[in-house]
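Trainee: Starting off with a structure, shown below.
2 protein chains.
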Amino acid sequence: MTLNQMPTLRTRTPRKKAGGQALPRQQFKDLAAFDRRAQLLEVSAQLFSEFGFESTTIRQIADRADFLPGSLYYYFRSKEEILHEIIQEPVSKTSRDNLRISSLNFDAEHRLIANIIARLYRFLKNGAAFTILQNDRKFLSGHGDFEYVEAVKNKSIELLQSTLNDGMQTGLFRKGIDTSLMIGAISRMLSSAASLFRSGDIVSMDNSLSYPLDNVVDFYLDCILRMVRASSRVDDPIPRAICQELMVGD
Amino acid sequence: MTLNQMPTLRTRTPRKKAGGQALPRQQFKDLAAFDRRAQLLEVSAQLFSEFGFESTTIRQIADRADFLPGSLYYYFRSKEEILHEIIQEPVSKTSRDNLRISSLNFDAEHRLIANIIARLYRFLKNGAAFTILQNDRKFLSGHGDFEYVEAVKNKSIELLQSTLNDGMQTGLFRKGIDTSLMIGAISRMLSSAASLFRSGDIVSMDNSLSYPLDNVVDFYLDCILRMVRASSRVDDPIPRAICQELMVGD
DNA sequence: GTCTATACAGTGATAGAC
DNA sequence: GTCTATCACTGTATAGAC
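Right, dumping it as structure tokens:
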């Protein structure tokens, strides 16, 4: 299943402006309400990630969701509330990933790999949200209501930093890596995966035909390990499987 | 000299609203006009790169340049014209870099290194413009008037692609690199340098005290070569000097 | 739960005084 | 060459009919 084919419930009927008989769905009222909200969130995430939060207008969102602009405010108090709902969960899941990984009894290389796989996994499951976090970071960081985003980002950096330092000390990684530069390089590099995953032609992890996705994960693991590993270890196998189990059960 | 300390002629006098005696600068009329324009371009580039083109308003630009909004239109026909003037030269210089590099009689590794150095050099000389090209690529690509940007980007990708293929065939690079993924990874990675250069604490190339900058260039060369080189060559010296000469004389 | 209608601030841009 | 004043438009958001 590609990401673009997820069950979006995008009821693309041409919107019967008038005279349409009332649909007999009273019994699904709550479900319908939930779906509508979810649909609005998905449409918004799509647009925000594509054009940027500030450049996306309420009218654009309403158009795509077959709404009129005013009706959005039945579900959300403001445009910013929509953004919050889009990014809150991905951010808090990232935070939990960080905690889980830093509490592992693995060596630095395993923790680095687990970190990378976790990030790629989050990108895959929620590419739009992470694209927004990446592209609109200026807006988010300058805005008090989104401080929790910055906080988690800082924690992620700390985790990577300590992992790199640990690896250098134990000899798994080459000496003399500039950790600040390396963290920036790795982060940007991985962010190129987010757009990849959102292009739609990569297969999910759960799928038995997950060859293409595995390819992508292998690619990034390979590249990053080549950058940090001690020269004598560049051709060592990559212990991916053991790290991957971390993500089971979300 | 740090980038932030370049001679910007930012005449930060508190703007004498009224009663100021006329400055005796008739003889510098043309020069003054040029400087004003240049100042506006620099202020705009700064703001566009920081907040995004669409999110930056004419009034913000006017404020920072000690203008009133309407006066901007004496120098520029539109906001978009400002953007054009900011990015046109950097883009065309990038294009020339590409041509120069692809016409070299160097092997693939040397061409790759020259490519990286050229990009970093452009980032250094014009960080704001390249940040805009990076951050607002969605706007630029969806806009007919900026097709030349996309064209140069595509050429850059082609150059990298042929360089990587060449290197794999001649055995300088390891076999089986996914060139599409690798180009994306390298591009994003290098883009992290643009923001670095703009943070202001990196020293220019011309400067004899250019230690920090050299450090950064070395870092990226090292990382990228580790990603692409055949395993047997990861510890070979990096022939940087010979490639660097390409950039002399802009 | 959705629509109509609209308030109100902010946007890019213009015309004409100085 | 810069300012004043203002236009037409688009932005988010609200109130109330249905």
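From first to last, the protein sequence lines stand for chains A and B.
Sequential numbering of the first sequence, starting at 1, is according to our numbering.
Sequential numbering of the second sequence, starting at 1, is according to our numbering.
All residues carry an ideal CB built from backbone N, CA and C; glycine is no exception.
(1) Would you say Gly184(A) reaches chain B, if we count a Cβ-Cβ gap shorter than 7 Å as a contact?
(2) If we count the other Cβ atoms within 10 Å of its Cβ and call it buried at 16 or more, is Thr56(B) buried or exposed?
(3) Can you name the residues that DSSP bridges to Arg229(B)?
(4) Of all Cβ atoms in chain B, is any one closer than 7 Å to the Cβ of Cys223(A)?
(5) Give the interface partners of Phe219(A) over in chain B, defined as CB-CB distance under 7 Å, in chain order.
(6) Contact between the region 212 to 232 of chain A and the region 88 to 103 of chain A is defined here as three or more beta-carbon pairs at a separation below 8 Å; is this criterion met?
(7) Could you name each continuous beta strand (DSSP E) segment of 3 residues or more that falls completely within the region 115 to 195 of chain A, going from the start of the chain to the end?
(8) Out of Ser232(A), Leu124(A), Pro90(A), point me to the one whose CA is closest to Leu133(A)'s CA.
(9) In angstroms with no decimal places, state the Cα-to-Cα distance between Ser49(B) and Asn105(A).
(10) Would you grab the beta carbon distance between Leu213(A) and Ile183(A) for me? Rounded to a whole angstrom, and I think it's under 8 Å.
(11) CB-CB under 7 Å to Pro69(A), same chain, minus the five flanking residues each way: which ones, in chain order?
(12) Can you tell me the Cα-Cα spacing of Thr170(A) and Leu164(A), whole angstroms?
(13) Look at the alpha carbon of Val149(A) and the alpha carbon of Ala108(A), and state the distance between them as a whole number of angstroms.
(14) Is Ile113(B) closer than 7 Å to Cys223(B) when the C-beta atoms are compared?
(15) Relative to the alpha-carbon of Val152(B), which residue among Glu81(B), Val43(B), Gln88(B), Met189(B) has its alpha-carbon at the smallest distance?
(16) Between Asp166(A), Ser192(A), Asp145(A), which lies nearest to His110(A) when the distance is taken from Cα to Cα?
(17) Do Leu40(A) and Tyr75(A) have their C-beta atoms within less than 7 Å of each other?
(18) Measure the CB-CB distance between Arg64(A) and Val43(A) and report whether it falls below 7 Å.
(19) With a CB to CB cut of under 8 Å and the five nearest residues on each side skipped, what residues in its chain are close to Ser156(A)?
(20) Name, please, each residue of chain A whose Cβ falls closer than 8 Å to the Cβ of Glu54(B).
(21) Any Cβ of chain B within less than 7 Å of the Cβ of Met227(A)?
(22) For the region 132 to 155 of chain A, which residues have a beta carbon sitting closer than 8 Å to at least one beta carbon of chain B?
(23) To the nearest angstrom, how far is it from the Cα of Asn115(A) to the Cα of His84(B)?
(24) Would you kindly report the start and end of the unbroken alpha helix (DSSP H) that includes Glu89(B)?
(25) Could you tell me the alpha carbon to alpha carbon distance between Phe139(B) and Arg122(A), rounded to whole angstroms?
(26) I'd like to know whether the C-beta of Met168(B) is nearer than 7 Å to at least one C-beta of chain A.
(27) Do you know offhand how far Glu147(B)'s Cα is from Asp145(A)'s?
(28) By how many angstroms is the C-alpha of Phe173(A) removed from the C-alpha of Arg226(B)?
(29) By a C-beta neighbour count over all protein chains shown, 10 Å radius and 16 as the cutoff for buried, is Asp235(A) buried or exposed?
(30) Can you tell me whether Ala62(B) is helix, strand or coil according to DSSP?
(31) Could you run through the region 233 to 247 of chain A and flag, in chain order, every residue whose CB is less than 7 Å away from some CB of chain B?
(32) Do Ala45(A) and Ala128(A) come within 7 Å of each other at the CB atom, strictly closer than that value?
Mentor: Straight from the coordinates:
(1) yes
(2) buried
(3) Phe173(B)
(4) yes
(5) Asp178, Leu181
(6) no
(7) none
(8) Pro90(A)
(9) 43 Å
(10) Contact flag wrong, Cβ pair sits at about 25 Å.
(11) Ile58, Arg59, Ala62
(12) 10 Å
(13) 25 Å
(14) no
(15) Gln88(B)
(16) Asp166(A)
(17) yes
(18) yes
(19) Thr94, Asn98
(20) Gly52, Glu54, Ser55
(21) yes
(22) Asn135, Lys138, Phe139
(23) 41 Å
(24) 79 to 102
(25) 26 Å
(26) no
(27) 37 Å
(28) 13 Å
(29) exposed
(30) helix
(31) Val234, Asp235
(32) yes
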